[in-house]
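To start, the structure under review is shown below, and the notes come after it.
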Amino acid sequence: MNRYASDSERELLLTPGPLTTARATREAMLRDRGSRDGDFIAMTARIRSRTLAIANASPSHVCVPIQGSGTFAVEAMLGTMVPAGGKVLVLANGAYGRRMAAICGRIGRAHQVIETDEDTAPDPATVDAALADDPGLSHVAVVHCETTSGILNPVEEIAQAVAARGRALLIDGMSAFGALPFDAVDVPFAALAASPNKCLEGVPGMAFVLAERDALDAARDRAPSLALDLYDQWQALEANGQWRFTPPTHVVAAFDAALAAHAREGGVAARGARYRENCAILVEGMRALGFVPYLPARRQAPIIVTFHRPADPGFDFGAFYDRLKARGIVIYPGKVTQAETFRMGCIGDLRPEDMRRAVRAVAEVVDEMGLERLGPG
Ligand SMILES: *Cc1c(COP(=O)(O)O)cnc(C)c1O
């Protein structure tokens, strides 16, 4: 339950998801809808075409929605797009890259991992060399924004390197899709997994994959999972517009409303601009207090910011978290393995005034806890 009465007092989720959503998005869920009803079928068609349009990926690609959290779409993508005899080169600089490698292991797809430090982007030249070295590598898998640290990975350059070697690219675009420019005409990719519940500001419960039509068409009877078979899911949708199994109707309705809001705001350019402003206010405000971001500014995506844990012996993350939460600001623990950190997100239905409110709350808590050394060393 939200204890905060008005929208200016609402609880703000400065997290990588679930996120703060707009009232209109939540209100779209107040009606029950039949999954085989014409309205709901039209809604499903709308979210499929709108997500493709965001990536300028029609008619080259198709959108296949899938029930579950974002990881379900990543697993469906790997299982459906990579044949049993294929081999995936996984680029990992955080937990989500490592998760793709773990999925390959679990579903029995051969893979090789190129791991870089969590503050370092994968190098397209290294990818090119690996592909030249091993003709058995059929696919490359990369994370666009690695939410573990908030680092922006160079998907465009990697896509060019992969295409030049005639291999197929699979992208975990989850935390960037809808806010960072991404054009299927410039960035060749076989499939991209994303979710309504990140930069598109929907609610959690479903995800989707944009898959190259021809590559998906060749993927019949390939997925090792029945429920996570994107080919079957696609064929069912193409046949009668309906989902194969019970769809999360309320989540789809919220996504439909969130996509309409995304278009009204001005699409990717406007959404990205708002997040960049949010991020700048957050980073400048936290720096002014004495906190130090984990990433160099040029590698920071405007999605989520990792800060070093303050060196002050009086700092305790649990107490810091609780005191911020009492002020309606929810932050997130760190996830990088190479440093002690915590994270604050810039995405969701958050505006500059919300970010200023968050920084003010941090200043109050720092004062209350008597913290002085806010940098890492
Ligand atoms: C959020 C996210 C996911 C999906 O995580 P779920 O918890 O399964 O929704 C996958 N990849 C990235 C990069 C993410 O940020």
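Each residue of the sequence shown is one higher than the one before, counting from 0 in numbering that gives the first Met the number 0.
Each residue gets a CB set at the ideal place from its N, CA and C atoms; glycine is no exception.
If you're wondering where the values come from, they're calculated on a predicted model, not measured in any experiment.
Residue i versus residue j: straight-line alpha-carbon distance, rounded
{"i": "MET76", "j": "VAL364", "result": "43 Å"}
{"i": "ARG45", "j": "ASP255", "result": "7 Å"}
{"i": "VAL251", "j": "GLY289", "result": "42 Å"}
{"i": "LEU209", "j": "ARG322", "result": "41 Å"}
{"i": "ASP133", "j": "PHE39", "result": "47 Å"}
{"i": "ALA262", "j": "ALA131", "result": "42 Å"}
{"i": "ALA300", "j": "GLY93", "result": "14 Å"}
{"i": "GLU339", "j": "GLY333", "result": "7 Å"}
{"i": "MET42", "j": "ALA268", "result": "24 Å"}
{"i": "ARG56", "j": "GLN337", "result": "First, the amino acid is wrong: residue 56 is Ala here, not Arg. Their backbone Cα atoms lie some 37 Å apart in a straight line."}
{"i": "LEU281", "j": "ALA318", "result": "21 Å"}
{"i": "ALA178", "j": "GLY266", "result": "8 Å"}
{"i": "TYR3", "j": "ASP228", "result": "Confidence at TYR3 is low in this model, with a pLDDT of 47, below 50, so its placement is unreliable and no value can be given for it."}
{"i": "PRO64", "j": "LEU225", "result": "15 Å"}
{"i": "GLU283", "j": "THR245", "result": "46 Å"}
{"i": "LEU370", "j": "GLU155", "result": "42 Å"}
{"i": "ASP366", "j": "ASN239", "result": "60 Å"}
{"i": "LEU12", "j": "ARG298", "result": "23 Å"}
{"i": "VAL233", "j": "THR115", "result": "Checking the sequence shown, residue 233 turns out to be Trp, not Val. Between TRP233 and THR115, the C-alpha separation is close to 35 Å."}
In DSSP terms, what residue i is bridged to
{"i": "VAL167", "result": "First, the amino acid is wrong: residue 167 is Ala here, not Val. DSSP lists HIS138 as partners of ALA167."}
{"i": "TYR331", "result": "ARG342"}
{"i": "MET205", "result": "GLN66"}
{"i": "HIS60", "result": "GLU211"}
{"i": "ALA190", "result": "LEU169 and ALA210"}
{"i": "PHE306", "result": "PRO292 and PHE341"}
{"i": "HIS249", "result": "None; HIS249 has no bridge partner."}
{"i": "GLU145", "result": "ILE150"}
{"i": "ALA160", "result": "None, per the DSSP bridge assignment."}
{"i": "ASP113", "result": "Note on residue identity: the sequence assigns Ile, not Asp, to residue 113. According to DSSP, which records beta bridges pairwise, ILE113 is partnered with LEU90."}
{"i": "GLN241", "result": "Paired residue(s): none; GLN241 is not in a bridge."}
Closer than 9 Å to chain D by CB, residue i
{"i": "GLY104", "result": "Included in the structure is just one protein chain, with no chain D present."}
Beta-carbon contacts of residue i that lie in its chain and below 6 Å, excluding the five residues immediately before and after
{"i": "ALA218", "result": "THR79 and TYR230"}
{"i": "ALA253", "result": "THR24, ALA27, MET28, GLY201 and VAL202"}
{"i": "GLY69", "result": "MET173, SER194 and ALA206"}
{"i": "GLU211", "result": "HIS60 and ALA189"}
Same chain, Cβ closer than 8 Å to residue i, five either side skipped, listed in chain order
{"i": "VAL291", "result": "PHE306, HIS307, LEU373, GLY374 and PRO375"}
{"i": "PRO247", "result": "GLN66, GLY204 and MET205"}
{"i": "LEU51", "result": "SER57, HIS60, VAL61, CYS62 and LEU209"}
{"i": "ASP127", "result": "ALA160, ALA163 and ARG164"}
{"i": "ARG326", "result": "ALA360, GLU363 and VAL364"}
Sequence-distant residues of its chain with Cβ nearer than 7 Å to residue i (five each side left out)
{"i": "ALA310", "result": "ARG372, GLY374, PRO375 and GLY376"}
{"i": "ALA158", "result": "LEU168, VAL186, PRO187 and PHE188"}
{"i": "MET0", "result": "Annotation note: pLDDT 41 at MET0 (below 50); position unreliable, coordinate value reported separately. Here the set comprises nothing."}
{"i": "SER34", "result": "GLN241, TRP242, THR245, PRO246 and THR248"}
Integer-rounded CB distance, given that residue j should sit under 8 Å from residue i
{"i": "LEU90", "j": "VAL161", "result": "Contact doesn't hold; Cβ gap of about 10 Å is too wide."}
{"i": "ALA257", "j": "LEU199", "result": "6 Å"}
{"i": "VAL73", "j": "ILE102", "result": "6 Å"}
- Query: Is the number of C-beta pairs between the stretch 4-23 and the stretch 341-350 that are closer than 8 Å three or more?
  - Reply: yes
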